[in-house]
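Everything below concerns the one structure shown next.
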Amino acid sequence: AALSRLRGVVEQEAKDVQLYAEQVRVITDDAQSDLDEIMGDYERAERAVDRLDRKDIQELKSFQNPPSTVRLVVECVCMLLGYKEDWSTARQIMGDVNFVRRIFDYDKDHVPERLLQKLQTYLDDPQFDPQAVERQSQAAKSLCLWCRAIHHYAHVLKRVQP
């Protein structure tokens with residue numbers, strides 16, 4: 630009788646482990662699917678930034694008084710890169726020959742929560758829309774897409790990390 634009870638317990642535990650393993654597989658598959666999707670978005674944004682050349686950056690810098698959509702995007706980039714969020718600072722960092730490289734090298738896997746919260750305030754602004762930004766500047770649109778991709782990536786990463 631004790632052996633029969635033990636066999637029943639072992640069989641139940643085996644079923645429980647199998648069920649748990651299936652749940653883990655489903656969660657893992659969902660997480661991988663989310664990561665694959667966001668990586669596609671991030672890579673598209675990165676390619677858009679990669680297409681920026683010195684002339685495009687110069688076009689942005691040349692604005693003495695930029696359209697509000699352009700200013701918003703470039704100040705958001707400043708914030709993410711750890712700089713003061715104003716136009717004169719933005720013009721300075723865009724003058725750095727490594728400006729685009731710094732965007733590529735951005736540590737998207739470790740965006741501090743306080744920056745994500747600030748980024749959210751930019752994204753909540755109706756002017757922070759790639760199509761609206763594109764009407765003023767193709768270069769700013771590329772940067773806008775990158776900012777949005779950073780936000781989306783960070784949130785998906787947070788959701789799927791163990």
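Oh and the sequence shown: position 119 is 748 in the working numbering, straight run, nothing missing. A virtual CB, placed ideally from N, CA and C, is assigned to each residue, including glycine.
Practice prompt. Note down, in chain order, each residue of its chain lying with its Cβ closer than 8 angstroms to the Cβ of arginine 764, except the 5 sequence neighbours on either side.
Written response: The answer, listed in chain order, is Thr698.
Worksheet item: With a CB to CB cut of under 7 angstroms and the five nearest residues on each side skipped, what residues in its chain are close to isoleucine 722?
Response: Cys707, Leu710, Tyr712 and Phe728
Worksheet item: For phenylalanine 757, which residues of its own chain have a beta-carbon under 6 angstroms away from its beta-carbon, when the five flanking residues on both sides are left out?
Response: Leu701 and Tyr751
Discussion item. Which of the three DSSP states is assigned to arginine 680 in this structure?
Written reply: In the structure shown, arginine 680 falls within a coil segment according to DSSP collapsed to helix, strand and coil.
Worksheet item: By Cβ distance below 8 angstroms, which residues in the same chain neighbour tryptophan 775 in space, the five residues on each side in sequence not counted?
Response: Ala674, Glu675, Ala677, Val678, Val706 and Ile732
Discussion item. Please report the straight-line C-alpha distance between glutamate 688 and arginine 654, rounded to a whole angstrom.
Written reply: 49 angstroms
Worksheet item: If you draw a straight line from the alpha carbon of leucine 748 to that of tyrosine 649, how long is it in whole angstroms?
Response: 37 angstroms
Discussion item. Taking its Cβ as the centre, do 16 or more other Cβ atoms sit within 10 Å of arginine 777, making it buried, or is it exposed?
Written reply: buried
Item to complete: Let me know the secondary structure DSSP gives phenylalanine 692 once reduced to three states.
Response: coil
Worksheet item: Any idea if leucine 772 is buried or exposed, counting beta-carbon neighbours within 10 angstroms, 16 or more meaning buried?
Response: buried
Worksheet entry | Inter-residue Cα distance where the pair is leucine 745 and isoleucine 686 | Between leucine 745 and isoleucine 686, the C-alpha separation is close to 25 angstroms.
Worksheet item: Hey, quick one: how far does the alpha helix (DSSP H) through phenylalanine 733 stretch, first residue to last?
Response: 728-733
Discussion item. Can you find the residues in the same chain that come closer than 6 angstroms, C-beta to C-beta, to glutamate 714, ignoring five residues on each side of it along the sequence?
Written reply: Within the same chain, glutamate 714 has close Cβ partners Glu704, Cys707 and Met708.
Discussion item. Quick check on the burial criterion: 16 or more other C-beta atoms within 10 angstroms. Buried or exposed for proline 695?
Written reply: buried
Discussion item. Less than 7 angstroms between the C-beta atoms of leucine 681 and alanine 761, yes or no?
Written reply: If you check the CB distance, leucine 681 and alanine 761 do not come in under 7 angstroms.
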